[in-house]
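My numbering puts the first residue of the sequence shown at -6, with every later residue one more than the last. Notes for the one structure printed next.
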Amino acid sequence: MIRSKILLFLLAIVMSGQMLAQQSAIYTNDQAEYFKALSLYNNKQYLAAQDMFTDIQRKSTEQVIQSECAYYIANIAVRLNQIKADNLVEQFVTDYPTSPKRNSAYMDVADFYFKSGKYAHAKKWYDRVDERSLTAFEHDRYNFNKGYTAFITKNYGNAKTYLAKVENSKTYGAQAKYYIGYMAYQSDDAGQANQYFDQVKDQSKYKEKMTYYKADLNFKLGKFEEAIALAKEQIPYSSRDEESELNKIVGESYFNLGNYDEAIPYLTLYTGKRGKWSNTDYYQLGYAYYKQSDYDRAISEFNKIISGNNSVAQNAYYHLGESYIQLGKKTEALNAFRNASQMDYVVKIQEDAWYNYAKISYEIGNPYESVPTVLSAYIAKYPESPHRANAESLLVDSYITSKNYKEALKILESKKDATSKEAYQKVSFYRGLELVEEEKYTEALTFFDLSLKELINTEYTARANFWKGECNYNLNNYAEAVIDFKSFNLFSGTHTEEHEVVDYSLGYAYFKQKDYNQATDYFSTFTKNYSGDQVKLNDAYLRLADGYFVSSNYEAAIKAYDSAIKLSEIETDYAAFQKAISYGYIGNSKTKVSELERFIDAYPKSKLRDDAMYELGNAYTKSNQNDRAVAMYNTLSSEYRMSSLTPKAMLREGLIFYNDNKNQKALERFKLVATDYPSTPEAIQAVSTARLIYIDLGEVDAYATWVKTLDYVKVTDADLDNSTYQSAEKRYLDNDVDDAIKQFNGYLNKFKPGLHTNQAHFYLAQLYYQKGLSVNATPHYKSVVDAPRSEFTEEALVRLSQSYLDGKNWLDALPVLQRLETEATFPQNVVFAQSNLMKANYQLSKYNSAVSYAEKVLANKSIDNKIKSDAHIIIARSAFNTNDLDRAKVAYEEVSKVATGETAAEALYYSAYFKNQDRYYEESNALVQRLAKDYSSYKYFSAKGLVVMANNYKELGDAFQATYILESVIENFQTYKDVVSEANKQLKTIKQEQAKTNSSVQTQD
């Protein structure tokens, strides 16, 4: 190449003619210097040569020499990788556009970059070469180098164009064919790849690589046995990455040949692309294990395929479901089959997955949708399925077992066959029962009536009538309740639990109507035949005794009260008190007194102790034991200042003194009553009797002075006050509601205060309450509550607190309930106060107080399961909110024993939650599945349970179950933002972890 440059230089000199003839000494010197610089260049002494060329170019005035020097200066700059070397070449071309070295400059620079491996730079200069000016040899070098440059930069179109021009070249042909073959291999053109590889198979430097490629090509052509042979041959000579790929070729070839046992060892040796497997990789190994009946390992691989959505994923999820079934893991199988059924890549697999999903839903419940919906959808989608008859049979039964009665009824309403009608009768009944548990009695009646339209199954006809009776009873429709209970008896057998208690219910229904003869008949029958809950039996004896008592059959009442006392389950103090009073009514005063004395000693904390003291004082008075009577009245008034009986006792004490002519003592008691209990009937009577004493003492002026201090006594207006009040009271007693309201309001407006203000406020409140105008009633109940204690105070406290509770006015409810708890004489009002105090305190986040009242409630044996459940749930929630998780766990366990409906669902959820916290993941999953099966209508806790289940599977290493459940929660429970937020958080974490080993997993940003 250097020699050709010298010849070109000499030619230029010859062509200069006259210029050569006239060369001077200086030119001769330039020529000598030029050849010296050229010698340095040829000896690769580039810096020295570059300096000389630069010096010659600066001194010379000859364009040819300047051009040659510029060329070599730029060439050397490229070779030495000097800054702005490319600019020097560009400058050379610009300054000497007609230089014969222009094309050589481009080629030289391109070739230099090519040899240096700087292919992007090389391409830039090859693109500027004029191919027409190249020699044949330069053409081959140019085409190969440019083709290879395109190959390296993955511009396979250009690469193939240029390499094809030299595929027959002696120098470049073998290389060109190898690279053309490789490009065909990369583009999956197996035929062309094999054609070119075969032409260079004897080239030792390509042999190893081509063996790998040919193994892969045979695999792609479906020639699996040839692929296996070639890959096995090459494995010992391969790099680590190639060995992994060759193991994959062998394993997958065996897999495609159905030789799963031989495939497994090779598939397991595959290390993935950049250390990651794909969903397809996991599927193949999982399926190989599945075909070997190694279901545990099959599951281990299948469940790494998360969020897949193609035919591979559908196959994997279907066989994952089958693997779970083989191991008896139906909960896990449900999710796998559901996922496969939602894809339509392989129609047959979708149908089979659908059936399995529907069948398992029936067997274990479904947390995503109701079982009837799943079965109905399957039948609609595959009406010609061979499984249709079985699916329809399961559908009918699922209406009951799913307990998702609302959705079941929607489906059944359109069906007319007898089987569906019977199912409709049952489901309507159970929906009504569900509403009873939620205390929604009016709504429940609607469903019991629907159930009674289909008189197919007599058992459910009977039971619907019974619970219809219970609803009417709770709605105060007692006459209708009697009819319902008696209708139950017409249809009922003796095997239902309702049959055991219907006499008890009938007894209460008559009792509430004050038909005590009928009530006692049914309570008597019940007590003779019932052997169940002792608390209920105890209560029946009490009501039986009460019926006899109000019917004046006191001896029978005493026997019934005795039976209640012997059971000693509830209200023993009440029975003992009533028994004592009954002895008085049969004339056995001595026994009455001894029973009351025993009562006062035996029941020091009874709410009836003040009543007993009052009755005992009266008994002492009747038997002329005035001293004992006064002592008892005194004890009552000192121990029970807030009792409504205290002013009565003080009044009676004063009357005893008056009758004994102890006028001063009498006056003291009467004045105390008048002052401490203003406007009460006792105060009015005390003033009246005091007036007589003052008259007897001749101290009328003293009376007048004293009575002026009592603002509720205006002697001159007393007759008008009494007349106005009595007129309003008569309307009240006649149940003339509107006129009574009008007259009581008139009385209260006219007499401020009046002699009967307290009574007027109470009766007016009751009238408003009766009309459903609780807002109007509230201020009048409050007036009664704020007034001195009277016989109306307890009922007013109940009604006022209920009004505040209904309006969720917890702060105002608290003090009223606290008073009721302290002052109530009826046990049921104490329970009412305590149970609502726990609820109000909880609503106000006063968790310690809420728990304290809940414990009081639970200490009462007579409360029903609903109140027990409320108490336990308050304790559990309060403990959870104060992070007392140990207590919360115990409390929720107690809730689960007595709760029904949504509260039971909540308790079951927390049981699963605590099992998760204690790392009992399998047990936690079992509880979530039970939640899905038995309480599917309570979607919030079902959704929260699924998030716990997902966490369980995450900890158990089952990524598929975890992600699938979370994705289903996010899709199906958008209403519950807190649940969806937690699901998204967990899903992101799991996917980020799985993406480290699975290239198919797309992580969330």
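In this text, a Cβ means the ideal position worked out from N, Cα and C, and glycines have one as well. Remember, predicted model here, so these are calculated numbers, not experimental data.
Opening and closing residue of the alpha helix (DSSP H) in which Pro360 lies:
Residue 360 sits at position 367 when you count from the first residue of the sequence shown. Run containing Pro360: none; DSSP gives neither H nor E here.
Since Tyr541 and Thr513 should fall inside the 8 Å C-beta cutoff, what is the C-beta to C-beta distance between them, to a whole number of angstroms?
Here residue 541 corresponds to residue number 548 of the sequence shown, with the count starting at 1. Here residue 513 corresponds to residue number 520 of the sequence shown, with the count starting at 1. The pair is a contact, with the Cβ atoms about 6 Å apart (cut-off 8 Å).
Going by DSSP, what residues sit across from Trp460 in a beta bridge?
As a working mapping, residue 460 is identified with position 467 in the sequence shown. DSSP lists no partner for Trp460.
Which listed residue (Asp689, Lys641, Asp653 and Asp694) has its alpha carbon closest to that of Ile1024
Since the first residue shown for the chain is -6 and the last is 998, residue 1024 is missing from the structure and cannot be characterised.
Return the CA-CA distance between Gln307 and Tyr398, expressed in angstroms with no decimal places.
For the purposes of this step, residue 307 is taken as the residue at position 314 of the sequence shown. For the purposes of this step, residue 398 is taken as the residue at position 405 of the sequence shown. C-alpha of Gln307 to C-alpha of Tyr398: approximately 33 Å in a straight line.
Which runs of the alpha helix (DSSP H), 4 residues or longer, sit entirely within the segment 787 to 851?
For the segment 787 to 851, whole alpha helix (DSSP H) runs of length 4 or above, ordered along the chain, are 803 to 816, 820 to 836 and 840 to 851.
Check this for me: beta carbons of Arg233 and Thr264, under 9 Å apart or not?
The residue given as residue 233 occupies position 240 in the sequence shown. The residue given as residue 264 occupies position 271 in the sequence shown. In this structure, Thr264 lies closer than 9 Å to Arg233 by Cβ.
My output table needs one value for Leu991: the three-state DSSP class, helix, strand or coil.
As a working note, residue 991 is residue 998 in the sequence shown. Checking the sequence, you will find Asn at residue 991 rather than Leu. Strand, per DSSP.
Count the CB pairs spanning the segment 115 to 124 and the segment 99 to 107 that are closer than 8 Å, and state whether there are at least three.
Yes: at least three Cβ pairs fall under 8 Å.
Please classify Leu320 as buried or exposed, where buried requires at least 16 neighbouring CB atoms within 10 angstroms.
Here residue 320 refers to the residue found at position 327 when the sequence shown is read from its first residue. Within 10 angstroms of the beta-carbon of Leu320 lie fewer than 16 other beta-carbons, which makes it exposed.
Output the distance between the C-alpha atoms of Glu447 and Ser413, rounded to the nearest integer angstrom.
Taking the first residue of the sequence shown as position 1, residue 447 is located at position 454. Taking the first residue of the sequence shown as position 1, residue 413 is located at position 420. So the alpha carbons of these two residues sit roughly 10 Å apart.
Contacting residues, own chain, Cβ-Cβ under 6 Å from Met45 (five flanking each side not counted):
Taking the first residue of the sequence shown as position 1, residue 45 is located at position 52. Within the same chain, Met45 has close Cβ partners Ala30.
Going by DSSP in three states, Lys701 sits in which element: helix, strand or coil?
The residue labelled residue 701 in the question sits at position 708 within the sequence shown. Here DSSP, grouped into helix, strand and coil, assigns Lys701 to coil.
For Gln811 versus Leu830, is the C-beta distance shorter than 9 Å?
Your numbering for residue 811 matches position 818 in the sequence shown. Your numbering for residue 830 matches position 837 in the sequence shown. Contact check for Gln811 against Leu830 passes: the beta carbons are separated by less than 9 Å.
With DSSP collapsed to three states, give me the class of Glu986.
Here residue 986 is taken as the residue at index 993 of the sequence shown, counted from 1. Helix, per DSSP.
Asn138 versus Phe107: straight-line alpha-carbon distance, rounded
Counting from 1 along the sequence shown, the entry for residue 138 is found at position 145. Counting from 1 along the sequence shown, the entry for residue 107 is found at position 114. In this structure, the alpha-carbon of Asn138 lies about 7 Å from that of Phe107.
Please state the DSSP three-state secondary structure of Lys1042.
Since the displayed the chain opens at -6 and closes at 998, residue 1042 lies outside it and no answer follows.
Buried or exposed for Ile19, going by 16 or more other Cβ atoms inside 10 Å?
Translated into positions along the sequence shown, residue 19 becomes position 26. Its pLDDT being 42, under 50, Ile19 is placed unreliably in this model, and the value from its coordinates should be taken loosely. Counting Cβ neighbours within 10 Å, Ile19 comes out exposed, since fewer than 16 surround it.
Counted within 10 angstroms of its Cβ, other Cβ atoms place Asp603 as buried (16 or more) or exposed
For the purposes of this step, residue 603 is identified with residue 610 of the sequence shown, where counting begins at 1. Buried is the label assigned to Asp603, since at least 16 other Cβ atoms lie within 10 Å of its Cβ.
How long is the line joining the alpha carbons of Ala936 and Asp971, rounded to whole angstroms?
Counting from 1 along the sequence shown, the entry for residue 936 is found at position 943. Counting from 1 along the sequence shown, the entry for residue 971 is found at position 978. Rounded to the nearest angstrom, the gap between the Cα atoms of Ala936 and Asp971 is 10 Å.
Here's a check: name, in chain order, each residue in its chain whose Cβ is nearer than 7 Å to the Cβ of Glu493, leaving out the five neighbours to either side.
Within the sequence shown, numbered from 1, the residue matching residue 493 stands at position 500. Tyr523 and Gly525, listed in sequence order.
How would you label Gln995, buried or exposed, when you count the other beta carbons within 10 angstroms and need 16 or more for buried?
Locating residue 995 in the sequence shown gives position 1002, where the first residue counts as 1. With a threshold of 16 other beta carbon atoms within 10 Å, Gln995 falls short and is exposed.
Helix, strand or coil for Lys216, going by three-state DSSP, please let me know.
Indexing the sequence shown from 1 puts residue 216 at position 223. DSSP places Lys216 outside both helix and strand once states are collapsed to three, so it counts as coil.
Rounded to a whole number of angstroms, what is the C-alpha to C-alpha distance between Phe484 and Thr520?
Against the sequence shown, residue 484 aligns to sequence position 491. Against the sequence shown, residue 520 aligns to sequence position 527. Straight-line measurement puts the Cα of Thr520 at about 22 Å from the Cα of Phe484.
Alpha-carbon to alpha-carbon, Glu816 and Leu560:
Your numbering for residue 560 matches position 567 in the sequence shown. Your numbering for residue 816 matches position 823 in the sequence shown. Within the model, the alpha-carbon separation for Leu560 versus Glu816 is close to 27 Å.
Once the 5 residues before and after Tyr276 are set aside, which same chain residues still bring their CB inside 8 Å of it?
Within the sequence shown, residue 276 is the residue found at index 283, counting from 1. Counting only residues of its own chain and dropping the five nearest sequence neighbours on each side, Tyr276 has a CB closer than 8 Å to the CB of Glu294, Phe295, Ile298, Val305, Ala306, Asn308 and Ala309.
With 16 other Cβ atoms within 10 Å as the buried cut-off, status of Leu980:
As a first step, residue 980 must be located in the sequence shown, where it is residue number 987. So Leu980 counts as buried.
Is the distance from the Cβ of Glu787 to the Cβ of Asn822 below 9 Å?
The residue given as residue 787 occupies position 794 in the sequence shown. The residue given as residue 822 occupies position 829 in the sequence shown. With contacts defined as CB atoms closer than 9 Å, Glu787 and Asn822 qualify as a contacting pair.
In this structure, how does DSSP classify Lys266 when only helix, strand and coil are distinguished?
Taking the first residue of the sequence shown as 1, we reach residue 266 at position 273. Of the three classes helix, strand and coil, the one that applies to Lys266 here is strand, per DSSP.
Would you mind working out which of Gln719, Arg684 and Ser32 sits nearest Val706, comparing C-alpha positions?
Position 713 of the sequence shown, counted from the start, is the residue given in the question as residue 706. The residue with the shortest Cα to Cα distance from Val706 is Arg684.
Nearest to Glu356 by CA position, among Gln343, Leu387, Asn328 and Ser378, is which residue?
What you label residue 356 is simply residue 363 of the sequence shown in a count that begins at 1. Cα-wise, what sits closest to Glu356 is Leu387.
Ile66 lies in the alpha helix (DSSP H); which residues open and close that run?
Numbered from its first residue, the sequence shown carries residue 66 at position 73. Start and end: Gln56 to Arg72.
Taking C-beta to C-beta, are Ala847 and Leu807 nearer than 9 Å?
If you number the sequence shown from 1, residue 847 lands on position 854. If you number the sequence shown from 1, residue 807 lands on position 814. Taking C-beta atoms as the reference points, Ala847 and Leu807 fail to come closer than 9 Å.
Just verifying my parser: in three-state terms, what is the DSSP assignment at Ser316?
Here residue 316 refers to the residue found at position 323 when the sequence shown is read from its first residue. Here Ser316 sits in helix by DSSP.
Straight-line Cα distance separating Glu814 from Tyr902:
Translated into positions along the sequence shown, residue 902 becomes position 909. Translated into positions along the sequence shown, residue 814 becomes position 821. CA-CA distance, Tyr902 to Glu814, rounds to 34 Å.
What do you reckon, are the CB atoms on Val888 and Thr896 nearer than 9 Å?
Here residue 888 is taken as the residue at index 895 of the sequence shown, counted from 1. Here residue 896 is taken as the residue at index 903 of the sequence shown, counted from 1. Result yes, Cβ atoms of Val888 and Thr896 sit closer than 9 Å.
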